[in-house]
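Keeping their order, the protein sequence lines are chains A, B and C. Take the first sequence: its position 133, counting from 1, is numbered 133 in our numbering, and each next residue is one higher. Take the second sequence: its position 402, counting from 1, is numbered 853 in our numbering, and each next residue is one higher. Take the third sequence: its position 169, counting from 1, is numbered 1025 in our numbering, and each next residue is one higher. We put the beta carbon where it would ideally sit given N, CA and C, even for glycine.
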Amino acid sequence: MILHHLGNALRGIRRSPVTSVVVVASIALGIAVSVTLIAFYHGMRAEPVPHKSAQVFRVLLDNWQAEKPFAEPDLAPPALTLRDATHLRQAGLAQNEVALYHAQTFVALPGSAGERRIKASTRATTRGFFGLFEPPFRYGSGWDQGAEGNLERVAVIGKTLNDRLFGGADSVGREIEVNSATFRIVGVLDQWDLYPLFYDMTREDLVSDELFVPFPVAVDSLKLWPSFSAQPGEPAGDDFDTRFAGSEAVFVQYWVQLATPQAREAYQSHLNGYIAEQKRLGRFPRAAKAELLAIPQWIERQQENGNQRVFVQTLVVVGLLFFGICLLNIVTLLISRFMGNAGAVSVLRALGVPRWAIFVDHITEAGLLGLAGGLIGLALARVGVALIGPLFLGASDDGIGGSAAGDFGGLLDASMIATAIGLSLLGAFLVALYPTWKICRIAPTQYLKSL
Amino acid sequence: MEIVPILQTFRFNKSSLALVIVQLAFTLAVLVNALVIIDAYRTRLDMDSGINDRALAVVEVEPIDHAYFSDEGRVRNDVQQDLEALARLDGVAGVTQLSSFPLSGEGAMRSSWPQGGVKEKAARHTLYAGDAQALSTLGLNLVAGRAFTAEETDWSRNPTAGSSAGVVIVSRALAEALFPGAEAVGKQLESGDGKVETIIGVVDRLPGRHVLMNTVRLAAIVPARPLNSLHYAVATRGEVTPQLLQRIDAVLLQRSAERDVKVDSLYQRKIGSMHYLFLFGSILGFISLLLVLVTAIGAYSQASYSVAKRIRQIGTRRAFGASKLHILRYFLLENWLATSMGLLLGLLVANGLSFVLTETMQLPRMGMSQLVLGMLFIWIVGLLSTLLPALRAASVPPAIATRAA
Amino acid sequence: MLHMQSVTKVYRAGDVETRALRSIDLHLAKGEFVAITGPSGSGKTTLLNIMGLLENIDGGTYTLDGKDVSRLSDGECSRVRNEKISFIFQSYNLIPDLSVAANIEAPLRYRGYSAAERRRRVEAALGKVGLSTRARHLPNQLSGGQQQRVAIARAIAGSPAVIFADEPTGNLDTQMSQQIMDLLQEINREGCTVVMVTHNDAHVERASRHIHILDGAIVTPAASPQIAAVRGAAA
Ligand SMILES: Nc1ncnc2c1ncn2[C@@H]1O[C@H](COP(=O)(O)OP(=O)(O)OP(=O)(O)O)[C@@H](O)[C@H]1O
Ligand SMILES: [Mg+2]
């Protein structure tokens, strides 16, 4: 029975190949444009480590001055002071705790003095990062506890930097110069495209990191200046230590993994207790505020008022409108196409074919056209994403890292493919409804005369 | 003309007419707003801001080690040597050290108000710090008062806080915003934390940090030489050339490789600062071209359908003496009327979309010229895409009237 | 007023050639009421189309109202049709989405009449066919006979010199057919030449002249026993 209807639908498609092509092309165009734009929106809100969404939290403590909040309405700063981060790490109450910040460094192979160095988007982080956020490793792994404790100069590099410096070869064990210090490579990542860079989100234009160095090394010996920092009032000083070490300047981004609600509650009360204790020491002048934000909440908070968000949202609306217009366009086409078959339908009806069978035939025909349009549209969206992607994120810094290296294929994940196919089928059915209703209304003998 | 009878027949094709109208309305709305954005981008790009951004190179030197800036002596020494090296280059007319560059998209902002005045009347403006060469290098035109002296420009780790001299030069627009109708030179300016500066000069125009800001004409400059950044503006003889940029890059790297050099023409920077507008304009422009294409296909299929349905009627009209031209005109007119109805609704939708975009993205409102351009374009595309079916209609033989059953 | 000399018409559909008219010689005077009969496929409609300038002739000459119309361009044909010729069709051919009045008005537009003149003529024509009250109706709100009367009104509204009617009563019952024939006769009496294809012998009776076509050629009544019989009955 299903095969029978499919056969009828296919015959219908073959009967008017030109309109079929136009209908498919219209749906394909509409899907291509709308899905490309939706993909960016989807990507902006994607959950990077979905199986840990409920366990990973950003820690925020409000150390701002009493007079005004860090940001309206009464938001805590997005990072911690070095001393608070250190205290939390020493307490070590969470299953996994990661302190990190972003910096720009200049990288070269040893012995290439005097040549222009490669500017690299750099992540100073504690080793828990690799276990918590699970970046894909191509060679080697993250550094171990001992290396971090001993302030060893070890590094993990990204795929792009590895390609640039070592032509993509296994560079584990090789050395690189980061600013003026020599680091040993212990791991190389595979392509790891994150849009946005959810674990940072202090700047809209950051996309991927190409160099990972141990947090203690960055803070204690390299004194890597953070890309994002802020302090209540005037900066404490101009050199790294006075400015960042003992001051109220926030720059350390802090993540914890808390597997159970109980653990979360315990950690929350630990934070509350910590603020109370610090208040006694004269810090934290504002009303006590310690927050644990899950990744989606964190992304939402940082994007809420961002330009990019509004921008992409507007584009999504425009894209859907475009799809809608493509669909409107098809309605007339389908009417003329179905009504062109009115004579045959009227004979079929006269011969006793029930109305619902006619309905199923025509709606199946529309569904097939929609499916074809959806698949072609998806292929076009793949091109669209690759074309717009670089433009989209190309606003950021020069150098490598900082802007995306991939071709954004990752944006079209399973859920986007489902969206594309769902949208095209839904669209096709919607637009076919009226024309199909029209053809189903044909009386058995109405068109017999004109045969 | 057969306007009335055509309108009468519209009553029998309400649904397809409604589809066409809605489709055209949205097409017009998106097209016009794409035009608005593209227009905004183009006018901002070509806007005469008061400085010649094509004859100005901007240089940002980034030391590899941020600790570099703790050694004040070294910074001073490097700045002086950098500026000297740059000034010696062929094709360079002047150099200056600035805290940030006009129109580059980056830089400090602050609110200032007349001393003793109400803080609520403050004007928000861009603030630069620069040395005594700043005015001449940027090509600013002093219309009142005087320029900075070398003595006033101190070295500073917090340059936009100004120098101990407590003086400031403002753009004419800022002067007028703060002291409407009065002489600004000699007036005192307050800017938070009790800081007070005396206006010693007014320049004709000094653009702010971002060309898309409403307050792009409001800017001030205080005398100070930054100790926390190495930013140089280089005025060139004639437009900035890639060769010159290369030479600037080379000469600065040659002085020391322990740093990164980024050099652009200011014009290029301005383009970079409008990246989002460019992107939005391009995407919207591309989408509206696709929309017009889709609409053209729609108009074509609509007209084809309407012709196919009326073969007999066309034959009858021909039999009663309608010429081919009459038939052609009939179908073109029918399309034109439907298109015009769509465009009429489109006026409303375009206005609505423009309102939303103005509110959410701080874009300029749609203007008459973009509206007219968009409508003309859609009219023409509509007529062109109906032409083929209409010609087909015109070639229907009159004998159809007696032949078709 | 209408002269045809050795007019031929050949249809070519692919390799097949149909000689629809072979050497027609025909002369009609002003004010005649001509009935054309003949078996199906004999070329009646073709002759009517040729006379009505809906199709071009392939051979011979054709003069209408003293003007040679054998080789007119499409545009010139349209103008002559618009000014001198009207049609009535078996299936009415009213425009379904125009009102009765608008249907009658449509051909007048191509003549460039003013709106007032058009309205006057529409009213007059509607009055003549007795449908003044139905001006605002749509064709599908009328009976077949009424629709054909509207078609007649459309045909006479432009005061044509000649009206061609192809089986105008073919779709109507006897009573309706009578009404239509009465109307045509009245129009003819007022000076308009009428050429009508019909299968109905009773209608042939009403004509002032009878032309019979067989296989694309006009045959004399004597050569056709059928027509002789009709003549006899009339006598
Ligand atoms: N467009 C055409 N192409 C090819 N042949 C045609 C065409 N029109 C008519 N003919 C042929 O010309 C001949 C005359 O046709 P015509 O329509 O004049 O007949 P008719 O006398 O009006 O018949 P009927 O009484 O059935 O209406 C027929 O053989 C027909 O098949
Ligand atoms: Mg016939």
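List the residues that DSSP assigns as beta-bridge partners of residue i.
{"i": "residue 918 of chain C", "result": "C:860"}
{"i": "residue 101 of chain A", "result": "A:124"}
{"i": "residue 579 of chain B", "result": "B:672"}
{"i": "residue 292 of chain A", "result": "A:59"}
{"i": "residue 792 of chain B", "result": "In the DSSP output, where bridge partners are listed per residue, residue 792 of chain B has none listed."}
{"i": "residue 715 of chain B", "result": "B:509"}
{"i": "residue 596 of chain B", "result": "B:652"}
{"i": "residue 923 of chain C", "result": "C:920"}
{"i": "residue 96 of chain A", "result": "A:257"}
{"i": "residue 1021 of chain C", "result": "C:944 and C:1052"}
Taking 6 Å as the limit between beta carbons, can you name the residues of its chain near residue i, skipping five residues before and five after?
{"i": "residue 424 of chain A", "result": "27, 31, 370, 373 and 374"}
{"i": "residue 482 of chain B", "result": "739 and 825"}
{"i": "residue 130 of chain A", "result": "142"}
{"i": "residue 335 of chain A", "result": "435"}
{"i": "residue 397 of chain A", "result": "Residue placement at residue 397 of chain A is poorly supported in this model, since its pLDDT is 46, which falls under 50; the coordinates are not used for a value here."}
{"i": "residue 139 of chain A", "result": "170, 172 and 188"}
Thinking C-beta only, is residue j closer than 9 Å to residue i?
{"i": "residue 805 of chain B", "j": "residue 795 of chain B", "result": "no"}
{"i": "residue 754 of chain B", "j": "residue 827 of chain B", "result": "no"}
{"i": "residue 675 of chain B", "j": "residue 613 of chain B", "result": "yes"}
{"i": "residue 82 of chain A", "j": "residue 251 of chain A", "result": "yes"}
{"i": "residue 459 of chain B", "j": "residue 942 of chain C", "result": "no"}
{"i": "residue 486 of chain B", "j": "residue 824 of chain B", "result": "yes"}
{"i": "residue 479 of chain B", "j": "residue 801 of chain B", "result": "yes"}
{"i": "residue 501 of chain B", "j": "residue 658 of chain B", "result": "yes"}
{"i": "residue 538 of chain B", "j": "residue 550 of chain B", "result": "no"}
{"i": "residue 623 of chain B", "j": "residue 655 of chain B", "result": "yes"}
{"i": "residue 332 of chain A", "j": "residue 756 of chain B", "result": "yes"}
{"i": "residue 156 of chain A", "j": "residue 142 of chain A", "result": "yes"}
{"i": "residue 995 of chain C", "j": "residue 1006 of chain C", "result": "yes"}
{"i": "residue 1024 of chain C", "j": "residue 1004 of chain C", "result": "yes"}
{"i": "residue 746 of chain B", "j": "residue 803 of chain B", "result": "no"}
Return the chain-ordered list of same chain residues with a C-beta closer than 8 Å to the C-beta of residue i, the five sequence neighbours on each side being excluded.
{"i": "residue 110 of chain A", "result": "175, 176, 177 and 182"}
{"i": "residue 1074 of chain C", "result": "880, 881, 882, 1067 and 1068"}
{"i": "residue 44 of chain A", "result": "195, 196, 299, 303, 308, 309 and 312"}
{"i": "residue 980 of chain C", "result": "1013"}
Is it buried or exposed, residue i, if we count other Cβ atoms within 10 angstroms and call 16 or more buried?
{"i": "residue 883 of chain C", "result": "exposed"}
{"i": "residue 405 of chain A", "result": "Model confidence at residue 405 of chain A stands at a pLDDT of 46, short of 50, so the residue's coordinates are unreliable; what they give is reported in the following sentence. So residue 405 of chain A ends up on the buried side."}
{"i": "residue 1029 of chain C", "result": "exposed"}
{"i": "residue 451 of chain B", "result": "Past the edges of chain B, shown from 452 to 856, lies residue 451 of chain B, and the structure says nothing about it."}
{"i": "residue 642 of chain B", "result": "buried"}
{"i": "residue 647 of chain B", "result": "exposed"}
{"i": "residue 403 of chain A", "result": "Because residue 403 of chain A sits at a pLDDT of 44, beneath the cut-off of 50, its placement in the model cannot be relied upon, and the following sentence gives the value as read from the coordinates. Counting Cβ neighbours within 10 Å, residue 403 of chain A comes out buried, since at least 16 surround it."}
{"i": "residue 962 of chain C", "result": "buried"}
{"i": "residue 937 of chain C", "result": "buried"}
{"i": "residue 835 of chain B", "result": "exposed"}
{"i": "residue 940 of chain C", "result": "buried"}
{"i": "residue 358 of chain A", "result": "buried"}
{"i": "residue 117 of chain A", "result": "buried"}
{"i": "residue 78 of chain A", "result": "buried"}
{"i": "residue 974 of chain C", "result": "buried"}
{"i": "residue 684 of chain B", "result": "buried"}
{"i": "residue 786 of chain B", "result": "buried"}
Looking only at its chain, what residues have a beta carbon closer than 7 Å to the beta carbon of residue i, apart from the 5 residues adjacent to it on each side?
{"i": "residue 292 of chain A", "result": "57, 59, 264, 267 and 268"}
Short-range partners of chain A found in the segment 505-526 of chain B, where Cβ spacing is below 7 Å = 515, 516, 517, 518, 520 and 521
Residues of the segment 208-242 of chain A whose Cβ lies closer than 7 Å to any Cβ of chain B, in chain order = 223, 225, 238, 239 and 240
Contact set between the segment 720-731 of chain B and chain C, restricted to residues whose Cβ is under 8 Å from the partner = none
What residues in the segment 95-117 of chain A have a beta carbon less than 9 Å from any beta carbon of chain B?
-> 103, 104, 105, 106, 113, 114, 115, 116 and 117
What are the residues of the segment 472-493 of chain B that lie near chain A, defined by any Cβ-Cβ distance shorter than 7 Å?
-> 473, 474, 477, 478 and 481
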